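First to last, the sequence lines map onto chains A and B. Mapping of the first sequence onto numbering that gives the first Met the number 0: position 90 corresponds to residue 89, and the numbering continues sequentially without gaps. Mapping of the second sequence onto numbering that gives the first Met the number 0: position 156 corresponds to residue 155, and the numbering continues sequentially without gaps. Beta carbons are placed, not taken as given, at the ideal position from N, Cα and C, and that holds for glycine. Every value quoted in this text rests on a predicted model; they were computed, and no experiment measured them. Data first, discussion second: the structure below is written as structure tokens.
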Amino acid sequence: MNRSKYLPLTETTYLILIALIEPGHGYRIMQKVEELSEGNVRIAAGTMYGAIENLLKLKWIKSVPSEDARRKVYQITDAGMNILKEEARRLRSMVEVAEEYKL
Amino acid sequence: MEQNIIIRHRIFLVNLEKEQKFIDAYREKGYKLVKAEPGWFKYTFLKCGEAFIPKVRIDYRTISKRDEYENYIALYEDAGWKLISGDFHSGRHYFEQMSPNIDDEIFSDSESYSELYKRLFAYALSCFLISILCFFPLIKLYDFRMLTHPRDLFLTPGLWESSGFKFIAGFLFELPFVLWRNGAPIIWTVFFAASLICMIKSKMKEKALKDSSGNKG
């Protein structure tokens with residue numbers, strides 16, 4: 000099976016995409032990533048903004064209409080969802096390997 | 000009485016780390032940065048009596064749309080960083096911590112930090128290309144002796160053989176005329192050299208950061 004050249008995703012990208020299954024603005028993503036990783040992954044403001052820009056360029060997320068005049072709201076796209084599913088598959092097989100060896 | 004406001008002039012070009020350290024040094028002396036005008040190489044500090052003096056961090060980014068800039072500033076504000084200097088066409092944006100429990104840095108991994116220097120490199124490259132374009136109309140004015148024999152730009156006979164007061168007086172007297180005659184080429188040379196230095200420095204920094212993030216992964 001030929002896998003996407005973007006895999007494996009970085010932990011940050013993976014968590015941002017998961018956070019954006021539900022629409023949210025930049026700071027909401029930062030909070031959600033922190034929650035999802037139980038405080039292990041904290042994204043700083045400059046890194047967050049750059050990550051959003053990169054993901055928009057890859058068309059894995061898109062900007063959706065928002066009620067907030069200042070803050071843009073983003074959401075995952077179908078392409079983003081596909082890459083996320085592929086990454087989840089990869090991670091599951093990694094975990095299976097770990098279980099086989101009773102790690 | 001101690002001065003309340005101090006104004007300092009420094010040239011940093013693309014060395015954002017050095018610029019932050021310079022600002023931090025004043026912070027340690029109890030001064031808070033209130034205004035940064037990198038275009039004029041000018042920094043204004045204010046004596047601050049409070050226990051908490053915010054740290055300042057610099058981002059470089061060109062954002063062409065005003066509403067996108069609002070979105071950018073709002074994200075920083077939500078995360079606890081208030082804009083002190085910079086606007087949507089300035090490139091350099093200076094942020095201060097809104098409270099002491101805000102994380103010290105605005106970049107949490109070296110990859111995004113290396114992208115900062117990639118943007119600075121792109122800027123230096125565009126300056127460099129502009130300077131190349133500007134060279135063609137200047138070519139007739141450009142006196143190459145400026146680089147090989149800068150002393151020849153001075154026309155006072157025997158100036159370089161004289162010494163002491165005579166030399167200093169003669170040099171200072173003629174300097175404005177030299178600058179007047181060769182103004183455009185001198186400015187061009189400074190601009191050309193500065194953009195070239197910025198290109199090299201930002202590329203080196205970007206590469207160093209990229210390598211360090213590669214080692215981790």
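Residue i, DSSP secondary structure in three states
i        : result
Ile4/B   : strand
Val218/B : Lying outside 0 to 216, the shown extent of chain B, residue 218/B is not represented and no answer is given.
Gly163/B : helix
Lys215/B : Note that Lys215/B scores a pLDDT of 49, beneath 50, so its modelled location is shaky; the value from the coordinates is reported in the next line. The answer is helix: DSSP assigns Lys215/B an H, G or I state.
Asp77/B  : helix
Val40/A  : coil
Lys209/B : helix
Arg69/A  : coil
Phe51/B  : coil
Leu154/B : coil
Thr12/A  : helix
Lys123/A : As shown, chain A starts at 0 and ends at 102. That puts residue 123/A outside it, with no answer to give.
Asp103/B : coil
Arg60/B  : coil
Glu62/A  : First, the residue type needs correcting, since residue 62/A is Ser and not Glu in the sequence shown. It is a strand residue.
Glu21/A  : coil
Phe44/B  : strand
Lys117/B : helix
Lys4/A   : coil
Ser284/B : Residue 284/B lies beyond the residue range present for chain B, which begins at 0 and ends at 216; the question has no answer from this structure.
Leu140/B : coil
Phe98/B  : The question names Phe, but residue 98/B is Ser in the sequence shown. Residue state, collapsed to three classes: coil.
Tyr100/A : coil
Leu57/A  : coil
Lys204/B : helix
Lys28/B  : coil
Leu171/B : helix
Exposure label - residue i; buried when at least 16 CB within 10 Å
i        : result
Gln2/B   : exposed
Tyr42/B  : buried
Glu205/B : buried
Met47/A  : buried
Ser3/A   : exposed
Val94/A  : exposed
Val55/B  : buried
Pro156/B : exposed
Gly45/A  : buried
Trp217/B : In this structure chain B extends from 0 to 216, so residue 217/B is not present and cannot be described.
Glu99/A  : exposed
Leu74/B  : buried
Asp210/B : exposed
Gly79/A  : buried
Arg7/B   : exposed
Gly49/A  : buried
His92/B  : buried
Ala35/B  : buried
Ile4/B   : exposed
Glu110/B : buried
Pro37/B  : buried
Assumed close pair residue i, residue j - CB separation to whole angstroms, cut-off 8 Å
i        : j        : result
Glu66/A  : Leu6/A   : That pair is no contact at about 35 Å.
Asp58/B  : Ile10/B  : The pair is not a contact, with the Cβ atoms about 20 Å apart (cut-off 8 Å).
Pro184/B : Leu137/B : 6 Å
Leu12/B  : Ile129/B : Not confirmed; about 16 Å, so no contact.
Val40/A  : Leu8/A   : With a Cβ gap of about 13 Å, Val40/A and Leu8/A do not count as contacting.
Thr12/A  : Ile42/A  : Not quite, the Cβ-Cβ distance comes to about 11 Å (not below 8 Å), so this is no contact.
Glu114/B : Pro53/B  : That belief does not hold up - the Cβ atoms of Glu114/B and Pro53/B are roughly 25 Å apart, past 8 Å.
Leu158/B : Gly169/B : 5 Å
Lys200/B : Asn14/B  : 7 Å
Residue i CB to nearest heavy atom of the ligand PLP below 7 Å
i        : result
Val189/B : With respect to small molecules bound, the structure shown includes none, and the ligand PLP cannot be examined in it.
Short CB-CB distance (under 8 Å) between residue i and chain E
i       : result
Ser63/B : Among the protein chains of the structure shown, namely A and B, there is no chain E.
Worksheet item: What residues in the segment 13–39 of chain A bring their beta carbon closer than 7 Å to a beta carbon of chain B?
Response: The segment 13–39 of chain A vs chain B, Cβ under 7 Å: Gly25, Tyr26, Met29.
Worksheet item: How do the segment 60–77 of chain A and the segment 121–128 of chain B stand: do at least 3 beta-carbon pairs fall below 8 Å, yes or no?
Response: Too few Cβ pairs lie closer than 8 Å, so no.
Worksheet item: If you pair each beta-carbon of the segment 2–19 of chain B with each one of the segment 31–47 of chain A, do three or more pairs fall below 8 Å?
Response: Judged by Cβ distances under 8 Å, the segment 2–19 of chain B makes no contact with the segment 31–47 of chain A, as fewer than three pairs qualify.
Worksheet item: Can you list, in chain order, the residues of the segment 37–66 of chain A whose Cβ is nearer than 8 Å to any Cβ on chain B?
Response: From the segment 37–66 of chain A, only Arg41, Ile42, Ala43, Ala44, Gly45, Thr46, Met47, Tyr48, Gly49, Ala50 have a Cβ closer than 8 Å to chain B.
Practice prompt. Taking only beta carbons into account, state which residues of the segment 113–138 of chain B come closer than 9 Å to chain A, listed in chain order.
Written response: Listed in sequence order: Glu114, Leu115.
Fill in: Stretch pair the segment 16–33 of chain A + the segment 86–95 of chain B: three plus CB contacts closer than 8 Å
Segment contact: the segment 16–33 of chain A against the segment 86–95 of chain B, fewer than three CB-CB distances shorter than 8 Å; contact not assigned.
Item to complete: Select from the segment 94–107 of chain B all residues with a C-beta closer than 7 Å to any C-beta belonging to chain A, and list them in chain order.
Response: Those would be Asp102, Glu104, Ile105, Phe106, Ser107, in chain order.
Fill in: Meets three-Cβ-pair contact criterion under 8 Å: the segment 64–83 of chain A and the segment 12–25 of chain A
Per the Cβ contact rule, the segment 64–83 of chain A is in contact with the segment 12–25 of chain A (3 or more Cβ pairs under 8 Å).
Worksheet item: Using 8 Å as the threshold, is the segment 180–190 of chain B in touch with the segment 136–146 of chain B, meaning 3 or more CB pairs across them?
Response: Taking one beta carbon from each stretch, the segment 180–190 of chain B and the segment 136–146 of chain B have 3 or more pairs nearer than 8 Å; the two touch.
Discussion item. Any contact between the segment 66–76 of chain A and the segment 64–76 of chain B? By contact I mean 3 or more CB pairs, one from each, below 8 Å.
Written reply: When Cβ pairs closer than 8 Å are counted between the two stretches, the segment 66–76 of chain A is seen to touch the segment 64–76 of chain B, the count reaching three or more.
Practice prompt. Quick one: which residues of the segment 164–198 of chain B get their C-beta closer than 7 Å to a C-beta of chain A? List them in chain order.
Written response: Residues of the segment 164–198 of chain B whose Cβ lies closer than 7 Å to any Cβ of chain A: none.
Discussion item. Taking beta-carbon pairs under 7 Å, can you tell me which members of the segment 69–98 of chain B lie near chain A?
Written reply: For the segment 69–98 of chain B, the set of residues with a beta-carbon nearer than 7 Å to any beta-carbon of chain A comprises Glu69, Asn70, Tyr71, Ala73, Leu74, Tyr75, Asp77, Ala78, Trp80, in chain order.
Item to complete: Using a Cβ-Cβ cut-off of less than 9 Å, give me the residues of the segment 11–25 of chain B that come near chain A, in sequence order.
Response: Listed by position, the residues of the segment 11–25 of chain B near chain A (Cβ gap below 9 Å) amount to none.
Discussion item. Can you pull out the residues from the segment 70–83 of chain A whose beta carbon lies closer than 9 Å to at least one beta carbon of chain B?
Written reply: Residues passing the 9 Å Cβ filter: Arg70, Lys71.
Worksheet item: Looking at chain A, which residues of the segment 39–59 of chain B have a Cβ within less than 9 Å of any of its Cβ atoms?
Response: Listed in sequence order: Arg56, Asp58.
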